[in-house]
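Take a look at the structure set out below.
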Amino acid sequence: MFVSALAQFILKNRLILFLVFFAFTVFCGFSLKNINTNPGFEKTLPIEHPYIKTFFDYREIFGNANRVIISYKPAVGTIYNAESLDVLKNLTEDLFYLKGIERSSLTSLFTPNVRYMEIVEDGFKGGNVISANFSGTDNEIEIIRKNVIKSIWNGRLITKDGTQALVLASLQNKDLDVKNISDGLEKIRTKYEKNGDKVYILGFTKAVGDIIGAVKSVLIYFGLAFFLIMLFTFFYVRSGIITTYVLLSAVVPVIWLLGIMPIVELGLDPLSILVPFLIFAIAVSHAVQMTNAWKLEMAYANDSTLSAAKSFEKLFVPGSIALIANAIGFMVIAFVDITVVREMAFVATLGVSLMIISNKILLPILLSYCPSNIKFSQSLNASAPLEAIWIKLAIIFQKPYLVFILLLAGSLFITGFFVTKDLQIGELRHGVSELKPESRYNLDTEEIVTSYDFNIDNFRVIAEIKGEDSPCLSPGVMKTLSEFEFFVYQNPNVLAVEGLAGLVKKINQAYSENFFKWRTVPSSSLQIAQGVGYATKRGNAYMNTECSALPISIFLKDRKATTIDSLVKDINQFSSTLKNDQVKLRMALGMVGVSASRNDVIKKSEPLVNTALFFSVGILCLVLFRSIKVTLAIILPLILVTVWCNALMVFLNIGVKMNTLPVIALGVAVGVDYGIYLFERMYHYVKYDGLSIEKSYSKSLRQRGSASIFTALVTSVAVFCWYFSDLKFQQDMGLLLGFMFIFNLVGAIFLAPVLLKFFGMPVKKK
């Protein structure tokens, strides 16, 4: 009664509602011009994670993980010539003046924080690697080369063969315009990359800038998908008017969504930019279900308004439940405690909510205005070949076929389950996985990683020391830190460890005529103070002003999740056996530390997201059908496809990251539509008309089967278009979502009805 009354209310006030929708669409059209497309570094961080809390506590002192790394490589020879050094000096100055750079963090052969030290007959000698009065003579250049060899920077700031040199800087923590900084870095590259010289640039800001640049290609494929969907829709409905209405009802929620986002202070980032794309495809699929029901009613009533009311009454409940399932699928992604992922979840949920209005209210209004003499007989006739197939498909309920399907599904589940054990969290390759391996950024990464001794992105542990008046001078504290550095260095994935304890031991050796047996922690605070005194010349590289917080930099061979996990495991093991109450080890600074926090959050969130997803969808199905058996018949095929989506990630060498974690939720949320639409009809025919499962199945397929196939085709085409994107993670998401959409349809048509037959239909004729 309620649904019927709601249909009458909507159609009775259709003109007023249409004008309201039109006005709101115009308003949102103007509002979307203000949408922000500048993603921030902090949005990609799991703010509540203990590693990130450490990061925020110490980033002002020990530097931001958001860094810029530039490597300059002359066309011929080494950096040790006047011309190349002049280019390096100018490049350093250009980066210094780039807006957004934390100038105190600038590090280059030409900056005063790059020093050397050597042992001479009278004791120690040290200074800047390049003196302030450098004029470019051959003698001065030879001195620079020797100073580099004497310093800790050989192999780190300049390659050991002298063919490349780095310029490093951190970015300011607030008010960063990522796109402008990225463009500024590209201008620096263009300025100095000539006559065969090469400039390689890395850093979060540069990566995001490249991603934003590649996002432009998404708009092209959005247009391609729109064109293909329009063709498919027209081919299916065989009516220009109906095609227009379908596309209009799908575009409108996208306009509403993009218009509301600036108002609620949400922007588009490379992850959430796919949401409007997906909303459009889902909206088209639901609109086709509505128009399919409408045209079937028109075949009998020949009255567009009455047919709109009837189709609304038939599809309002299952359609709304399906869309709510979509919304829940997007909503559960918010369990991932990363701001950019939560914003994507909110944007997607909002988009689906708006889609309910456009699909269940606006579209019936548009259909009610269709001429009653509209010709779409071709569309109805076009389904005739499919109807013959739907009737024949009832053989799946015969025992041999039923047993075969169940055994096949069970075998696939077991196989997929064992394959998914190899599924990994985080990065599986060098560089940025969001970009293609052949992208300029990833090629730059490969060049820098293979040219320098250490991976430039390090994992930094902060040793907090209790006590007053330079507590780090305690021999007990320094010995504990030395033991920690030695323990961590035994990890095969660790290339080097750099901390105050190691420096103190080195200085102690130097003060002992450089005899290697004295490379140990001194037993007195005065001797330790000698090393600490030298460390103060490096600013905050080894300690804070009070010497109560000491960063320990750990250089890893790569940023793969397995590498990071092994290090974190060792650090936790050492911390658990730590007996010195003065020392507390806190992780983690550096980009590898940030990656570790993300991996940890995703690892903990993945089972929670999947559990909440299937539980919520199951509750919705239970509310709609009031049957555990029907609910299981719908959910189990979704679980099977989910397992194989994870298996596909293993085969494609795709790790679970914040970009790929939402795929399962999105795929299940959309895939459940097929089962809900099909089973709603089957349930009705069995309960109210007393039909057998076989007959209700065939009859339901005749009404909903072709529309479901079209739905899967439309959504799959839309996401498969992402494969041509310049962004690797969009390619991955397109393949995985397309796989889930297609095989969720296969599961809904073949496996779900067989499971229902196996369980036994729980309802009886009324």
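Just so you know, we're using this note's numbering here: the sequence shown kicks off at 58 and counts up by one.
Using N, Cα and C, we set each Cβ at its ideal position, and we do this for glycine too.
Asked	Found
Residue 504 and residue 257 closer than 8 Å at C-beta	yes
Length at least 3, wholly inside the segment 576-649: the beta strand (DSSP E) runs in chain order	606-613, 640-646
Where residue 817 falls, given that 16 or more other Cβ within 10 Å makes a residue buried	exposed
DSSP-derived helix/strand/coil call for residue 458	helix
Helix, strand or coil at residue 253 [DSSP, three-state]	coil
Where the alpha helix (DSSP H) through residue 685 begins and ends	685-708
Beta-carbon proximity list for residue 362, same chain, < 7 Å, skipping 5 on both sides	68, 425
Residue span of the beta strand (DSSP E) that contains residue 177, given as start and end	172-177
Residues bridged to residue 482 (per DSSP)	713
Through-space distance from residue 614 to residue 271, alpha-carbon basis	29 Å
Given residue 507 as reference, the closest of 532, 367, 212 once Cα atoms are compared	212
Range covered by the beta strand (DSSP E) that runs through residue 516	515-522
Beta-carbon contacts of residue 313 that lie in its chain and below 6 Å, excluding the five residues immediately before and after	85, 411
Residue 554 and residue 609 closer than 8 Å at C-beta	yes
Endpoints, alpha helix (DSSP H) assigned at residue 740	718-745
Exposed unless 16 or more other CB atoms sit within 10 angstroms - verdict on residue 745	exposed
Beta-bridge partners of residue 553, as assigned by DSSP	612
Residues sharing a beta bridge with residue 130, DSSP	255
For residue 227, the three-state DSSP class (helix, strand or coil)	strand
Residue range of the alpha helix (DSSP H) that includes residue 400	396-414
Sequence-distant residues of the same chain with beta carbon closer than 7 Å to residue 781, five excluded per side	278
Residue 158: first and last residue of the uninterrupted beta strand (DSSP E) it sits in	158-164
Beta-carbon proximity of residue 145 to residue 166, cut-off 8 Å	yes
Own chain partners of residue 703 with C-beta closer than 7 Å, once the 5 adjacent residues on each side are dropped	477, 480
Residue burial classification, residue 349 (beta-carbon count within 10 angstroms, cutoff 16)	buried
Strand pairing of residue 125, partner residues [DSSP]	226
For residue 844, the nearest candidate out of 810, 219, 646 (CA to CA)	There is no way to answer for residue 844, as the model of the chain reaches only from 58 to 823.
Environment of residue 105 [buried if 16+ CB atoms lie within 10 Å]	exposed
Residue 313, enclosing alpha helix (DSSP H) - first and last residue	297-320
Start and end residues, alpha helix (DSSP H) containing residue 204	195-207
Residue range of the alpha helix (DSSP H) that includes residue 491	Neither: residue 491 is in no alpha helix (DSSP H) and is coded neither H nor E.
Supposed close pair residue 482, residue 656 - CB separation, criterion 8 Å	5 Å
N-terminal and C-terminal residue of the alpha helix (DSSP H) that residue 87 is part of	71-88
Residues bridged to residue 748 (per DSSP)	According to DSSP, residue 748 bridges with nothing at all.
Beta-bridge partners of residue 5, as assigned by DSSP	Examination of residue 5 is not possible in this model, given that the chain is present from 58 through 823 alone.
Backbone secondary structure at residue 471 - three-state DSSP	helix
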